[in-house]
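If you're matching positions, the sequence shown starts at 3 in full-length UniProt numbering and goes up one per residue.
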Amino acid sequence: SSNIRLAVIPGDGIGTEVVAEGLKVLHATGVKVETTEYDLGAKRYHATGEVLPDEVLDELRGYDAILLGAVGDPSVPPGILERDLLLKLRFELDHYVNLRPVKLFPGVATPLGQARPEDIDMIVVREGTEGPYAGAGGVMRKGTPHEIATQESLNTAYGVERVVRYAFEKARQRPRKKLTLVHKTNVLTYAGDLWARTVERLKPEYPEVETDYCHVDAASMFFVTQPERFDVIVTDNLFGDILTDIGAAIAGGIGLAASGNINPSRTAPSMFEPVHGSAPDIAGQGKADPTATILSVAMLLDHLGLSEAAAAIEQAVADDLVERQGAWAARSTSQIGDDIAARVAG
Ligand code: NAD
Ligand code: IPM
Ligand code: MN
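Here it is as structure tokens:
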């Protein structure tokens with residue numbers, strides 16, 4: 003078969019370290035892939051002032067997929083790289099599904115003590131192009147005691163329907179077939195009402211799917227006390243951001259949490275990245291766990307229809323995680339990548 007054309011954006015901090023391991027494992031699958039690296043991130047911003055030039059964005063549209071490490075650096079004011087690079091990519095490439103599995107692998111320690119892998123096995127379908135991330139905002143009388151800052155949440159019937167529909171489809175394909183809407187309908191009455199009505203309106207089209215609703219504050223509690231309540235969750239962009247860091251924590255840590263920014267209509271490439279950020283506190287020390295990125299590579303392969311290669315990576319990670327118990331902190335970023343790549347290569 004033909005080569006996969008993959009754009010790689012290592013980004014900042016540990017992004018470069020974990021992406022190197024993701025690519026190492028990708029190559030170990032034997033899948034034919036042609037990679038092109040893009041130096042977007044803090045370095046390019048400092049050198050040229052550019053964050054995401056239009057011609058680079060247009061070039062990125064031509065790839066089969068994008069692998070991203072992380073962006074954000076203490077030397078750059080907050081928001082510049084996050085909004086004008088990462089969120090711009092998600093918006094421009096219409097990544098309306100931010101797919102974030104929360105799955106406890108066998109043998110992995112969880113802060114929830116007695117939880118078993120079957121108790122923590124959900125998929126968070128986080129909306130990716132709207133919500134508070136896309137709403138208008140502004141500031142008046144900045145720096146005065148009378149400052150007013152606004153930050154609206156944008157929710158369209160079109161945007162909510164397409165992500166809710168995707169989540170119903172996902173739920174239908176899973177054994178438990180349960181879909182939970184997580185929102186804050188008791189306070190965010192306009193946006194929450196649109197989300198709740200959308201779920202109710204689509205529900206008759208998916209009679210086999212059981213639906214449920216949970217306020218986001220209670221959902222945060224249930225993630226920790228009763229994670230087995232959840233199968234597929236569909237939620238707003240910001241709620242999904244927060245919930246998936248909690249999800250990462252209960253499923254063994256942020257170093258294991260993978261994600262895909264999916265454009266289900268395939269009008270542009272989807273983009274895969276770990277849930278974590280650039281971790282400036284450990285960058286450059288070989289301490290970052292590359293597993294989240296490696297599992298994101300598996301999601302990427304699955305998205306491109308290479309399910310055997312994806313399954314090989316998942317199995318290699320699962321085996322590595324069983325062996326890690328107790329001793330894993332001793333391995334560097336590249337050692338973990340080497341070990342998983344060796345298992346994949348068989
Ligand atoms: P973070 O995820 O970078 O780090 C939070 C904590 O988790 C840190 O203690 C870090 O050392 C640890 N950690 C993260 N990934 C790890 C890994 N693979 N292995 C071991 N430990 C890991 O979040 P933060 O500190 O809030 O943000 C740092 C920067 O990253 C900010 O600029 C933020 O905007 C950015 N960020 C980017 C993304 C992204 O690119 N998708 C995601 C989150 C945060
Ligand atoms: C994530 C990150 C991003 C988000 C930031 C860096 C824009 O936290 O991917 O979870 O909020 O989506
Ligand atoms: Mn986040």
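Even glycine gets a Cβ: it sits at the ideal position worked out from N, Cα and C. A quick note: this is a predicted structure, and the numbers were derived from the prediction, not measured.
In angstroms with no decimal places, state the Cα-to-Cα distance between residue i and residue j.
i, j, result
"residue 2", "Asp340", "Because the chain spans 3 through 348 in this model, residue 2 falls outside it and cannot be assessed."
"Ala169", "Gly145", "43 Å"
"Gly249", "Leu69", "22 Å"
"Gln116", "Leu240", "29 Å"
"Asn188", "Cys216", "11 Å"
"Asp238", "Gly257", "23 Å"
"Pro12", "Arg176", "33 Å"
"Ala318", "Ile122", "20 Å"
"Ser336", "Glu19", "8 Å"
"Ile284", "Ser261", "21 Å"
For the alpha helix (DSSP H) holding residue i, just list the boundary residues, first then last.
i, result
"Ile125", "No alpha helix (DSSP H) contains Ile125, which is instead part of the beta strand (DSSP E) from 123-129."
"Leu101", "Leu101 -> not in any alpha helix (DSSP H); beta strand (DSSP E) instead, spanning 99-105."
"Gln317", "309-326"
"Tyr47", "44-50"
"Glu202", "191-204"
"Gly339", "335-347"
"Thr295", "293-305"
"Leu59", "56-62"
"Leu91", "90-94"
Please report the residue range of the beta strand (DSSP E) in which residue i lies.
i, result
"His217", "212-217"
"Thr37", "35-39"
Looking only at DSSP bridge pairs, what is residue i linked to?
i, result
"Val141", "Ala151"
"Asp273", "In the sequence as presented, Asp is not what sits at residue 273; that position holds Met. Beta-bridge pairing links Met273 to Ile68, Asn263."
"Pro12", "Answer is none; Pro12 lacks a bridge partner."
"Gly133", "Leu156"
"Pro177", "DSSP output for Pro177 lists no bridge partner at all."
"Leu183", "Tyr215, Val236"
"Gln7", "Checking the sequence shown, residue 7 turns out to be Arg, not Gln. Glu36, per the DSSP bridge assignment."
So is residue i buried or exposed if we call it buried at 16+ other beta carbons inside 10 Å?
i, result
"Glu129", "buried"
"Ser77", "exposed"
"Asn5", "exposed"
"Arg345", "buried"
"Ile16", "buried"
"Lys34", "exposed"
"Arg326", "buried"
"Ser309", "exposed"
"Ile264", "buried"
"Thr191", "exposed"
"Thr158", "exposed"
Step through the CB atoms of chain D and report whether any lies within less than 8 Å of the CB of residue i.
i, result
"Ile284", "Protein chain content of the structure displayed is limited to a single chain, and chain D is not contained in it."
* Quick one: residues with CB closer than 5 Å to any heavy atom of the ligand NAD, in chain order, please. => Put simply, the residues with a CB less than 5 Å from any heavy atom of the ligand NAD are Ala72, Val73, Gly74, Glu84, Ile256, Gly257, His278, Gly279, Ser280, Ala281, Asp283, Ile284, Ala290, Asp291, in chain order.
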